[in-house]
Amino acid sequence: MAPPAIHTRDLVKEYADVTALRGLSLTVEQGEFFGLLGPNGAGKTTFINVLVGLVRKTAGEATVFGHDVERDYREARDAIGLAPQEFNVDRFFPIREVLEHKAGYHGIPAAEARRRADEALKTVGIYDKRDTRFDWLSGGMKRRFMLARALVSDPDLLILDEPTAGVDVQLRHDLWEIINRMNDAGTTILLTTHYIEEAERLCDRVAIVDEGRKVEVASPGDLMDRGTDTITLGLRNPPATPPEVNLGGVTDVSLTDGRLLVTAARGSALVPDLIRELDERGFEVTDVDIERASLEEVFVDMTRSERAGGRRDESEDGEVGRAAAGTGGDAGTDVEVSR
Amino acid sequence: MSTSGSVLGVGFRTLLRREILRYVRRPRNTFLPPMITNVLYFAVFGIVLGGRIDRIAGFRYIVFILPGLVVLGAISNAFENASFSIFHGRWNEYIHEALTSPLSYTSMVLAYIAASALRGILVGIIIAGVGFVFLTATVAPIGVARPGYLVAFGLVITVLFASFGVVGGLWARDFDYLTVMNQFIIRPLVFFGGVFYSLDVLPEPYRTLSLLNPMVYMVDGVRYGFLGYADIDPNLSLAVLSGLAAAVVALDVALFRRGYGLVD
Ligand SMILES: Nc1ncnc2c1ncn2[C@@H]1O[C@H](COP(=O)(O)OP(=O)(O)OP(=O)(O)O)[C@@H](O)[C@H]1O
Ligand SMILES: [Mg+2]
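Structure representation (structure tokens):
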């Protein structure tokens with residue numbers, strides 16, 4: 001059986017005065033598109049840095065395609081293409097040469113390295129900037145370049161640490177498309193992001209981590225099933241008080257502006273029964289609108305219960321709010337965006 | 340897995356090339372300053388003062404100090420290149436480009452050392468060139484008495500100081516450390532290392548004390564290469580310096596493997 005792309009067991013990292021990872025065990029299978037979600041300081045970047053050798057683990061095991069990240073560090077690193085959260089690009093050379101160097105470090109001979117460098121620049125759409133130094137790229141181009149550098153060694157595992165932080169909507173969609181193509185072609189992807197919508201759209205599975213521990217691993221769909229959906233029904237003759245609804249899973253019924261709001265787990269499966277029941281009580285349903293629970297809502301619940309009223313600073317300006325607007329959920333009102 | 344090859348494979352050659360291009364493309368920052376400094380040294384010590392200073396061991400003063408100035412330029416540039424390149428890469432974190440690649444720690448260290456030693460050698464050649472121009476213009480051209488020794492000493496001393504530079508680049512916490520190392524460690528060693536005088540002029544115990552300074556063997560050996568004159572047996576100097584260089588290179592590799600200054 002093929003070894004998993006990433007496998008860690010009881011991974012611990014203690015910095016001088018903080019414990020960033022407290023026994024994190026995680027397995028990412030080959031070919032997966034895997035999301036790592038967690039508030040600021042949860043330990044996501046630390047986890048990634050253990051894999052690529054920028055952080056020395058305190059305890060536990062970590063392998064990449066079966067290669068121990070310390071004992072077989074060369075094999076492990078050769079398999080990984082990393083787009084880190086912080087820019088760390090060679091400022092002495094134009095970006096095309098930076099890519100040639102990175103390819104060369106991976107053992108790719110000069111002519112082939114040049115070809116791959118150009119190809120990577122074209123893939124992310126900044127080929128015409130090839131003779132420019134990194135410092136002179138715009139913020140969005142810098143993000144594109146980080147992806148190009150991760151791709152240039154043609155990695156089997158692509159690790160993207162907040163690849164779309166601070167980029168505009170168009171670029172975000174461009175980057176998603178590139179990443180998705182890579183995944184379709186068989187590349188395993190580990191993505192961290194604070195845009196929950198991003199994880200919802202892209203990932204096969206997500207792990208939610210908080211304070212260096214794993215809170216949950218599941219598919220975005222499974223996680224969303226744990227939240228509550230909202231069903232909004234238009235009634236031809238709305239009553240003055242909300243009618244009673246005797247169906248399993250319904251958590252709340254209310255009337256707003258003559259429309260009936262029903263919150264329930266797995267709401268979509270409930271809709272036919274709901275309409276029938278209302279019909280029997282003499283209410284004619286004119287239209288139905290279902291809002292799925294958002295992953296974001298579930299995420300916030302999970303990480304909130306973890307720290308039980310502690311500090312909550314996971315929302316960098318507008319990120320959570322913007323994602324909420326994107327999913328169109330009432331998450332925007334339900335989820336308190338702190339700060 | 341792609342073939343990143345042996346210790347001296349494609350990966351090593353790429354990093355070596357990157358390191359060399361970094362300074363070759365900026366000659367005004369890397370080669371011009373030592374050239375100007377040494378024009379000044381030769382003008383002042385050789386021409387202005389030189390006429391008033393007695394011959395040393397039968398050599399005119401300007402001839403006597405030439406090997407020392409070559410050593411001074413070669414080792415300080417080898418040291419500075421390695422320490423700066425590694426520290427700058429750590430400071431801006433782009434050293435991660437190499438660290439997260441499948442390069443072996445030995446390959447990385449050897450690439451930094453080889454590129455830095457080469458810069459030291461090139462600066463040494465430039466200084467020797469400046470010296471020869473001055474000599475030809477003022478006294479008489481001189482040749483190289485022992486080319487084999489000159490090459491051997493040139494290699495071993497630049498490798499030694501490049502590998503010290505690697506330690507310095509890993510140890511430094513900010514840019515001031517680099518200046519401090521140069522001002523308080525290298526300069527004193529060089530100035531008391533027999534660049535500007537022969538050991539024979541020193542009274543005891545200073546002569547014996549000087550023999551503890553590795554610079555003395557380096558200057559003496561390079562002087563032997565140029566002039567065929569040495570205070571100390573050149574083969575002994577070469578053996579001691581080679582042993583020391585090998586030890587510091589091994590230390591560098593161990594530090595990289597431990598991630599000292601590189602890994603959190
Ligand atoms: N080099 C370091 N030295 C000391 N502590 C560190 C270091 N790097 C990270 N930490 C601490 O470890 C914890 C985890 O940090 P990490 O960067 O892994 O979080 P993260 O999940 O990536 O957060 P973010 O979403 O903000 O990027 C934090 O408390 C952080 O302050
Ligand atoms: Mg992070």
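Chains as they are written, first to last, in the working numbering: chain A, 1 to 339; chain U, 340 to 603.
Note that beta-carbon positions come from the ideal geometry of N, C-alpha and C, so glycine has one too.
Return the chain-ordered list of same chain residues with a C-beta closer than 8 Å to the C-beta of residue i, the five sequence neighbours on each side being excluded.
i, result
"M302(A)", "I208, D210, V215, E216"
"I108(A)", "R116, S153"
"I465(U)", "F370, P373, M374, N377, G412"
Which residues mark the beginning and the end of the beta strand (DSSP E) in which residue i is found?
i, result
"G340(A)", "Any property of residue 340(A) remains undetermined from this structure, which presents chain A solely from 1 to 339."
"V250(A)", "250–256"
"H101(A)", "Unbroken run through H101(A) is the alpha helix (DSSP H), 95–105; no beta strand (DSSP E)."
"I231(A)", "228–235"
"A265(A)", "259–265"
"T548(U)", "Position check: residue 548(U) holds Leu in this sequence, whereas Thr was assumed. Where L548(U) is concerned, there is no enclosing beta strand (DSSP E), although the alpha helix (DSSP H) it sits in stretches over 545–549."
"E197(A)", "Here E197(A) belongs to no beta strand (DSSP E); instead the alpha helix (DSSP H) covers 196–202."
"I6(A)", "6–14"
"E358(U)", "Premise fails: E358(U) lies in the alpha helix (DSSP H), 349–363, not in any beta strand (DSSP E)."
"V285(A)", "285–291"
"V215(A)", "213–218"
Between which residues of its own chain and residue i is the CB-CB distance below 7 Å, once the five residues before and five after are set aside?
i, result
"Y556(U)", "I571, S576, V579, L580"
"R114(A)", "E100"
"L26(A)", "I6, T8, A207, K214"
"H106(A)", "D78, S153"
"G318(A)", "Low confidence applies to G318(A): its pLDDT is 35, below 50, so where it sits in the model is not reliable, and the reading given next is rough at best. If we look at G318(A) and ignore the five residues flanking it on each side, it has no Cβ neighbours."
"Y362(U)", "T369, N420, R458"
"A120(A)", "L99, A148, L151, V152"
"Y127(A)", "D118, L121"
"R596(U)", "Y444"
"L528(U)", "N552, M554"
Would you call residue i buried or exposed, if buried means 16 or more other Cβ atoms sit within 10 Å of its Cβ?
i, result
"A325(A)", "With a pLDDT of 34 at A325(A), under the threshold of 50, the modelled position of that residue is not reliable, and the figure given next carries that caveat. The residue is exposed, with fewer than 16 neighbouring Cβ atoms inside 10 Å."
"S424(U)", "buried"
"N40(A)", "exposed"
"V169(A)", "exposed"
"N88(A)", "buried"
"F523(U)", "exposed"
"K129(A)", "buried"
"K13(A)", "buried"
"H67(A)", "buried"
"K57(A)", "buried"
"K44(A)", "buried"
"P341(A)", "Nothing can be reported for residue 341(A): it is not among the residues displayed for chain A, which extend from 1 to 339."
"E200(A)", "buried"
"S268(A)", "exposed"
"F514(U)", "exposed"
"I375(U)", "exposed"
"T353(U)", "buried"
"T298(A)", "Per the sequence shown, residue 298(A) should be read as Val rather than Thr. V298(A) is buried by the Cβ-count criterion."
"Y15(A)", "exposed"
"A479(U)", "exposed"
If you drop the 5 nearest sequence neighbours on each side, which residues of the same chain put their C-beta closer than 6 Å to that of residue i?
i, result
"N416(U)", "R458, G459, V462"
"E177(A)", "none"
"A2(A)", "Q30"
"K102(A)", "R149, V152"
"I496(U)", "I414, M557"
"T164(A)", "R172, L175"
"F403(U)", "I395"
"V592(U)", "Y444, T445, V448"
"A467(U)", "V409"
"G258(A)", "P238"
"A83(A)", "M146, L147, A150, L160, P163"
Output the boundary residues of the alpha helix (DSSP H) element that contains residue i.
i, result
"S576(U)", "573–597"
"A207(A)", "Counting along the chain, A207(A) falls outside any alpha helix (DSSP H), though it belongs to the beta strand (DSSP E) covering 205–210."
"T376(U)", "371–380"
"G560(U)", "553–566"
(request) Any chance you could list the alpha helix (DSSP H) runs of at least 4 consecutive residues sitting entirely within the region 417–499 of chain U, in chain order? (result) 434–438, 444–477
(request) Write down every uninterrupted run of the beta strand (DSSP E) in the region 24–73 of chain A whose length is 3 residues or greater and which is fully enclosed by it, in chain order. (result) 33–37, 59–64
(request) Count the C-beta pairs between the region 48–60 of chain A and the region 158–170 of chain A that are closer than 8 Å, then say yes if the count reaches three, no if not. (result) yes
(message) So within the region 152–188 of chain A, which uninterrupted alpha helix (DSSP H) runs reach at least 4 residues, ignoring any that extend past its ends?
(response) 169–184
(request) Mind the definition here: the region 557–565 of chain U touches the region 489–501 of chain U only if three or more C-beta pairs lie below 8 Å; say whether that holds. (result) yes
(message) Under 8 Å, with one C-beta from each stretch per pair, do the region 433–441 of chain U and the region 392–400 of chain U reach the 3-pair mark?
(response) no
(message) Counting beta carbon pairs with one atom in the region 586–598 of chain U and one in the region 447–454 of chain U, are three or more of them shorter than 8 Å?
(response) yes
(message) I want to know whether the region 532–547 of chain U touches the region 467–476 of chain U - three or more CB-CB distances under 8 Å.
(response) no
(request) Would you check if there are 3 or more beta carbon pairs closer than 8 Å linking the region 179–193 of chain A to the region 216–236 of chain A? (result) no
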